[in-house]
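J.:
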Amino acid sequence: MKTLKFKLYQHKRNRYLKRTINAAGRIYNHCVALHKRYYRMWGKHLNCARLQKHIAKLRKRNPWWLQVGSQAVQDICQRIEKAYQLFFKHNKKGVRLPNFKKTRKYKSFTLKQAGYKFLGGNRVRIGNKVYQYWHSRPIEGKVKTLTIKRTPLGELWMIVTVDTPSEPEVKTETGNIAGFDFGLKTFLTCSEGFKIDAPLFFKQSLNAVRKASRELSRKQKGSANRERARLNLARKHEDIAHRRRDWFWKLAHQLTNQFDVLCFETLNLKAMQRLWGRKVSDLAFREFLQILEWVATKKGKRVVYVDRWFPSSKTCSSCGHILEHLDLETRHWRCPSCSAENDRDENAAMNIKVAGASAIGLGDVRQALPAIAV
Numbered sequence: 000m001k002t003l004k005f006k007l008y009q010h011k012r013n014r015y016l017k018r019t020i021n022a023a024g025r026i027y028n029h030c031v032a033l034h035k036r037y038y039r040m041w042g043k044h045l046n047c048a049r050l051q052k053h054i055a056k057l058r059k060r061n062p063w064w065l066q067v068g069s070q071a072v073q074d075i076c077q078r079i080e081k082a083y084q085l086f087f088k089h090n091k092k093g094v095r096l097p098n099f100k101k102t103r104k105y106k107s108f109t110l111k112q113a114g115y116k117f118l119g120g121n122r123v124r125i126g127n128k129v130y131q132y133w134h135s136r137p138i139e140g141k142v143k144t145l146t147i148k149r150t151p152l153g154e155l156w157m158i159v160t161v162d163t164p165s166e167p168e169v170k171t172e173t174g175n176i177a178g179f180d181f182g183l184k185t186f187l188t189c190s191e192g193f194k195i196d197a198p199l200f201f202k203q204s205l206n207a208v209r210k211a212s213r214e215l216s217r218k219q220k221g222s223a224n225r226e227r228a229r230l231n232l233a234r235k236h237e238d239i240a241h242r243r244r245d246w247f248w249k250l251a252h253q254l255t256n257q258f259d260v261l262c263f264e265t266l267n268l269k270a271m272q273r274l275w276g277r278k279v280s281d282l283a284f285r286e287f288l289q290i291l292e293w294v295a296t297k298k299g300k301r302v303v304y305v306d307r308w309f310p311s312s313k314t315c316s317s318c319g320h321i322l323e324h325l326d327l328e329t330r331h332w333r334c335p336s337c338s339a340e341n342d343r344d345e346n347a348a349m350n351i352k353v354a355g356a357s358a359i360g361l362g363d364v365r366q367a368l369p370a371i372a373v
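Residue 216 in numbering that gives the first Met the number 0 sits at position 217 of the sequence shown, with consecutive numbering throughout.
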């Protein structure tokens, strides 16, 4: 499966797609309200099939809802059902129930087998209208779903999921393995002796974001000036996200060119975000790992994760002695067993490397390795 993203041309007929997204938002809120009401009345969860059948009847009475295709409505019901199942399974981990969304902030609708047709070149028919998009790459394989997504700036993107045949793996075997420790002061500390500092793009643009936010709060609600101020603030945030993502892609290619196996520690990022807030969000470590996994799979490399409870910082990388307690403020410590001086981050990266290599059966990697077959 592969996901391709294309930007639609700006055109006045795009307002039909935006109206469809707004209608999809109304249907979503109505489905959530039905779930809540059904539980209050009967104390049970509303079945997805019954909900789809009920919404299909309501669509016949509401012409505005007919703008949303039947498959898009089914997808809305299925996504709500999936959200409830995740809540039932992981509610103790902080997963919340699906709730109401503002219609103007609702983002997308998805079509599966019907409701669209590619006309060749850069043209696609969605419903009864034909739209053009930036045909930046060919669409190869069988199209499974088509999603129209609206950004805060009002731009429309077409996201196509295709089922492609398995591509031959491109293996660039260097015989190198490395462990990486994620930190707040240093983005990544490598077991091979170098560190990577994060640019902290949000922190760089914090003054501009604050200024744009203040300008927005001063504008009268519902006015044209407020809408212009909102778009200005959205552009600031979008620029930060684009610069961060570009840096992630370049770093992922750099690391996968240098190493065949990359080992990371599984982290509870939500708990870290509750403790350190904005900085963890600015580092966006989860987004980087998703990009790195994609690049590694494309190049035939391997990303290995070490258990969250592995004591990487408290274990001496020289002799294996484990400390009983180690404060977060302690950045350097001496091993009471072998008297080795350990830097907290470098020591953790080396232990992650050893644990990751052991997890995939490479044995002791403290010595030089032969070429690794991934």
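The beta-carbon is built from N, C-alpha and C at its ideal position, and this holds for glycine as well.
When DSSP builds the beta bridges, which residues end up paired with L145?
T.: Within the sequence shown, the letter at position 146 stands for residue 145. Per DSSP, L110 and V159.
J.: Would you call the CB atoms of Y27 and I79 closer than 9 Å?
T.: Translated into the one-based positions of the sequence shown, residue 27 becomes position 28. Translated into the one-based positions of the sequence shown, residue 79 becomes position 80. Yes, the pair counts as a contact, with Cβ atoms nearer than the cut-off.
J.: Using CA atoms only, rank isn't needed, just tell me which of K141, F258, S312 and R225 is closest to I176.
T.: Mapped onto the sequence shown, residue 176 falls at position 177. Comparing Cα positions, the closest option is F258.
J.: With the cut-off set at 9 Å, would you say M271 and V260 are in Cβ contact?
T.: Walking along the sequence shown from the start, residue 271 turns up at place 272. Walking along the sequence shown from the start, residue 260 turns up at place 261. It is not a contact, given that the beta carbons lie outside the stated cut-off.
J.: Does the separation of the CB atoms of A197 and F179 fall below 9 Å?
T.: Here residue 197 corresponds to residue number 198 of the sequence shown, with the count starting at 1. Here residue 179 corresponds to residue number 180 of the sequence shown, with the count starting at 1. For A197 and F179, no; Cβs fall outside 9 Å.
J.: Going by DSSP, what residue range makes up the beta strand (DSSP E) through L187?
T.: Here residue 187 refers to the residue found at position 188 when the sequence shown is read from its first residue. Note, L187: beta strand (DSSP E), L187 to C189.
J.: Using CA coordinates, which residue listed in L45, I359 and H320 is at the minimum distance from P335?
T.: In the sequence shown, residue 335 corresponds to position 336, counting from 1. Closest option to P335, Cα to Cα, is H320.
J.: May I ask which residues mark the beginning and end of the alpha helix (DSSP H) holding N350?
T.: The count along the sequence shown starts at 1 and reaches residue 350 at position 351. R343 to A358 is the span of the alpha helix (DSSP H), which, as asked, contains N350.
J.: Between the Cα of C337 and those of F86, S316, I351 and H331, spot the shortest distance and give me the residue it belongs to.
T.: To locate residue 337, count along the sequence shown from 1; it is residue 338. The candidate whose alpha carbon is nearest that of C337 is S316.
J.: Could you check whether A356 and V303 sit closer than 9 Å to each other, using their CB atoms as the reference points?
T.: Within the sequence shown, residue 303 is the residue found at index 304, counting from 1. Within the sequence shown, residue 356 is the residue found at index 357, counting from 1. Contact flag set, yes.
J.: Could you check whether I158 and K148 sit closer than 9 Å to each other, using their CB atoms as the reference points?
T.: The sequence position of residue 148 within the sequence shown is 149, counting from 1. The sequence position of residue 158 within the sequence shown is 159, counting from 1. Yes; because the gap between Cβ atoms is below 9 Å, this pair is in contact.
J.: Kindly list the residues whose CB is nearer than 8 Å to the CB of L118, restricted to its own chain and excluding five residues on each side of it in sequence; keep chain order.
T.: Your numbering for residue 118 matches position 119 in the sequence shown. Answer for L118: R124 and V129, listed in chain order.
J.: Given 8 Å as the limit, is there contact between the region 15 to 22 and the region 62 to 73, that is, 3 or more CB pairs closer than that?
T.: Cβ pair count under 8 Å is three or more, so yes.
J.: Going by the beta-carbon positions, is the gap between I195 and F247 smaller than 9 Å?
T.: Position 196 of the sequence shown, counting from 1, holds the residue named residue 195. Position 248 of the sequence shown, counting from 1, holds the residue named residue 247. No; because the gap between Cβ atoms is not below 9 Å, this pair is not in contact.
J.: Per DSSP, what kind of secondary structure is P167 in: helix, strand or coil?
T.: The count along the sequence shown starts at 1 and reaches residue 167 at position 168. Because the pLDDT at P167 is just 49, under 50, the model does not fix this residue reliably, and the point stays unresolved.
J.: Within 10 Å of its beta-carbon, does F86 have 16 or more other beta-carbons around it, so buried, or fewer, so exposed?
T.: Counting from one through the sequence shown, the residue named residue 86 turns up at place 87. Exposed, because fewer than 16 other Cβ atoms sit within 10 Å of the Cβ of F86.
J.: List the whole-angstrom C-beta distance separating W133 from K6, where the pair is believed to meet the contact cut-off of C-beta under 8 Å.
T.: Position 134 of the sequence shown, counting from 1, holds the residue named residue 133. Position 7 of the sequence shown, counting from 1, holds the residue named residue 6. Their Cβ separation, rounded to whole angstroms, is 5 Å, which keeps W133 and K6 in contact under 8 Å.
J.: Along the chain, where does the beta strand (DSSP E) that runs through H331 open and close?
T.: Translated into positions along the sequence shown, residue 331 becomes position 332. Residues H331 to R333.
J.: Where W308 and K143 are concerned, what is the direct C-alpha to C-alpha distance, given to the nearest angstrom?
T.: Residue 308 sits at position 309 when you count from the first residue of the sequence shown. Residue 143 sits at position 144 when you count from the first residue of the sequence shown. The alpha-carbon atoms of W308 and K143 are separated by roughly 39 Å.
J.: If T255 sits next to K300, beta carbons under 8 Å apart, how far is it from one beta carbon to the other, in whole angstroms?
T.: In the sequence shown, counting from the first residue as 1, residue 255 sits at position 256. In the sequence shown, counting from the first residue as 1, residue 300 sits at position 301. Yes, they are in contact, since the Cβ atoms of T255 and K300 sit about 5 Å apart, within 8 Å.
J.: Below 8 Å on the Cβ atoms is my contact criterion, and I expect K4 with W156 to pass it. Report the Cβ-Cβ distance as a whole number of Å.
T.: What you label residue 4 is simply residue 5 of the sequence shown in a count that begins at 1. What you label residue 156 is simply residue 157 of the sequence shown in a count that begins at 1. Confirmed, Cβ separation roughly 6 Å.
J.: Do you know how far the Cα of V353 is from the Cα of P167?
T.: Position 168 of the sequence shown, counted from the first residue, corresponds to residue 167. Position 354 of the sequence shown, counted from the first residue, corresponds to residue 353. At P167 the pLDDT is 49, less than 50, meaning the model places this residue with poor confidence; the figure from the coordinates comes in the next sentence. Near 30 Å, if we compare the C-alpha coordinates of V353 and P167.
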